[in-house]
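One structure is given here, and the rest of the page talks about it.
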Amino acid sequence: MLQYHPVVELSTGRVRGVEALVRWQHPERGLVLPPEFIPLAEESRLIVALGEWVLRTAARQASAWNSPGRPLDVAINLSPLQMVASGFADRVCAVLAEVGAPAERIILEVTESALMDRPDAVEALEQLRDAGVRLALDDFGTGYASLSYLRRFPIDIIKIDQSFVSGLGQHPDDDAIVASVVGLAHSTSKSLVAEGVETEDHVLRLRRLGVQSAQGFLWTRPLPAQQVEAWIHAFELRRPPPALSAPVRTPEQGVTAPHGLEAARIHELHATGASLHTIAAALNSEGMRTASGMRWHVSSVAKVAAPGQVRARV
Ligand code: G
Ligand code: MN
Numbered sequence: 004m005l006q007y008h009p010v011v012e013l014s015t016g017r018v019r020g021v022e023a024l025v026r027w028q029h030p031e032r033g034l035v036l037p038p039e040f041i042p043l044a045e046e047s048r049l050i051v052a053l054g055e056w057v058l059r060t061a062a063r064q065a066s067a068w069n070s071p072g073r074p075l076d077v078a079i080n081l082s083p084l085q086m087v088a089s090g091f092a093d094r095v096c097a098v099l100a101e102v103g104a105p106a107e108r109i110i111l112e113v114t115e116s117a118l119m120d121r122p123d124a125v126e127a128l129e130q131l132r133d134a135g136v137r138l139a140l141d142d143f144g145t146g147y148a149s150l151s152y153l154r155r156f157p158i159d160i161i162k163i164d165q166s167f168v169s170g171l172g173q174h175p176d177d178d179a180i181v182a183s184v185v186g187l188a189h190s191t192s193k194s195l196v197a198e199g200v201e202t203e204d205h206v207l208r209l210r211r212l213g214v215q216s217a218q219g220f221l222w223t224r225p226l227p228a229q230q231v232e233a234w235i236h237a238f239e240l241r242r243p244p245p246a247l248s249a250p251v252r253t254p255e256q257g258v259t260a261p262h263g264l265e266a267a268r269i270h271e272l273h274a275t276g277a278s279l280h281t282i283a284a285a286l287n288s289e290g291m292r293t294a295s296g297m298r299w300h301v302s303s304v305a306k307v308a309a310p311g312q313v314r315a316r317v
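Take 4 as the starting number for the sequence shown in the numbering used here and just add one per residue.
As structure tokens, this is what we get:
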């Protein structure tokens, strides 16, 4: 069976899409996850039939969800073996046409390892892209030669692997790695989705690093199709969009927040009633600097947190 994992847009708190994930409902063992049965399916070549079933089922679901009120993007994982089969792109297009799936709502996820040593995959992926679907590079950072894949293959979305997300705030390297993937995505005009968000701290750090969207068990486990819409509705009601303030420019006061993230963090902490001193200490401990590259001091924080008051007092 398929379950669907919501993808949350971090700046608005809205859900724009889901990822279809295959699960095996075993009569005795309960819900069995892919790592336990995908290798078997790959050995027996059943994976091609399974992959096609996943594609058809998820694509049909995408057309059911494609209402004007709430269209949902549906991301579908492709197995490397599925991509080797001859006429692979034709098959995918045929299945999408057969179920009337809206191509602009479909995202096909491929892994770096599926693309390894497969220069011929470029053509297949370009054919799919021409058909109007988007392509995501899954588990980004865990394969090899990621950077050359970004250049060679027509990728629209990068999915940062959950191993980097789970290390945020624990291993300084992971914060740096995510930050550099953000830069990479930005400079190559690709969107970014972080996987494996399990804590509020992950959310805070991802937002601060400028990651657009994320999915993870923090919000929910993957859901059966019939629960998805109700869950999204309840989620968006429960969580009003977090206010990420626009970049604050106060050159006449000598403080320019470089890209609004520092300003957003200041407003966030200020709203909790934290003192200006505490806010400055938090920003510095999080490695944030003022536009001029200086450490934050109470006076600079005050100019962002309550600019009117500062001016009034001067
Ligand atoms: O390869 P891919 O990234 O598509 O695999 C996604 C897998 O990761 C799914 O099986 C899904 O259940 C799992 N997953 C998704 N979000 C989380 C999470 O927040 N924590 C953990 N541990 N696993 C997750
Ligand atoms: Mn995936």
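Quick reminder that beta carbons are idealized off the backbone N, C-alpha and C, glycines included.
Cβ-based neighbour list, residue i, same chain, cut-off 8 angstroms, excluding 5 preceding and 5 following
| i | result |
| --- | --- |
| Met297 | Ser303 |
| Ala309 | His273 |
DSSP three-state assignment for residue i, whether helix, strand or coil
| i | result |
| --- | --- |
| Gln218 | coil |
| Asp204 | helix |
| Leu279 | helix |
| Ile109 | strand |
| Arg73 | coil |
| Val251 | Its pLDDT being 42, under 50, Val251 is placed unreliably by the model, and nothing is read from it. |
| Ile158 | coil |
| Gly103 | coil |
| Trp68 | helix |
| Ser116 | helix |
| Gly20 | strand |
| Val196 | strand |
| Leu153 | helix |
| Leu140 | strand |
| Gln130 | helix |
| Ala309 | coil |
| Glu239 | helix |
| Glu31 | coil |
| His300 | coil |
| Ala124 | helix |
| His270 | helix |
| Pro227 | strand |
| Gln85 | helix |
Residue i classed as buried or exposed, judged by whether at least 16 other C-beta atoms fall within 10 angstroms
| i | result |
| --- | --- |
| Pro9 | buried |
| His205 | buried |
| Leu34 | exposed |
| Arg252 | Here Arg252 scores only 41 on pLDDT, less than 50, and its place in the model is too uncertain to base an answer on. |
| Asp164 | buried |
| Arg241 | exposed |
| Leu99 | buried |
| Ser89 | exposed |
| Gln173 | exposed |
| Ser278 | exposed |
| Arg154 | exposed |
| Arg48 | exposed |
Residue i beta carbon near the ligand G (any heavy atom closer than 7 angstroms)
| i | result |
| --- | --- |
| Val39 | Before going on, a small fix: residue 39 reads as Glu here, not Val. No - the ligand G has no heavy atom lying nearer than 7 angstroms to the Cβ of Glu39. |
| Val200 | yes |
| Gln130 | no |
| Gly219 | yes |
| Gln165 | yes |
| His8 | yes |
| Pro225 | yes |
| Arg36 | Sequence check: residue 36 is Leu here, not Arg. Leu36 Cβ: within cutoff of the ligand G. |
| Leu207 | no |
| Leu5 | no |
| Leu24 | yes |
6 angstroms Cβ shell around residue i - same chain, five flanking residues per side excluded
| i | result |
| --- | --- |
| Asn80 | Glu112 |
| Thr114 | Asp141 and Asp142 |
| Ala44 | Ile50 and Leu53 |
| Gly146 | Glu115 and Ser116 |
| Gln256 | Note that Gln256 scores a pLDDT of 39, beneath 50, so its modelled location is shaky; the value from the coordinates is reported in the next line. For Gln256, where only same-chain residues beyond five positions count, the Cβ hits under 6 angstroms are Lys306. |
Sequence-distant residues of the same chain with beta carbon closer than 7 angstroms to residue i, five excluded per side
| i | result |
| --- | --- |
| Asp76 | Arg19, Gly20, Arg108 and Ile110 |
| Leu118 | Ala124, Tyr152 and Phe156 |
| Pro225 | Gln6, Tyr7, His8 and Leu24 |
| Thr202 | Leu221 |
| Phe91 | Gln85 and Ala127 |
Any non-hydrogen atom of the ligand HEM within 7 angstroms of residue i CB
| i | result |
| --- | --- |
| Gly213 | What this structure holds is the ligand G and the ligand MN, not the ligand HEM. |
**OP:** Mind listing which residues have their beta carbon within less than 6 angstroms of any non-hydrogen atom of the ligand MN? Chain order is fine.
**Re:** For the ligand MN, residues qualifying as neighbours are Glu22, Asn80, Glu112 and Asp141, where qualification means a beta carbon closer than 6 angstroms to at least one of its heavy atoms (chain order).
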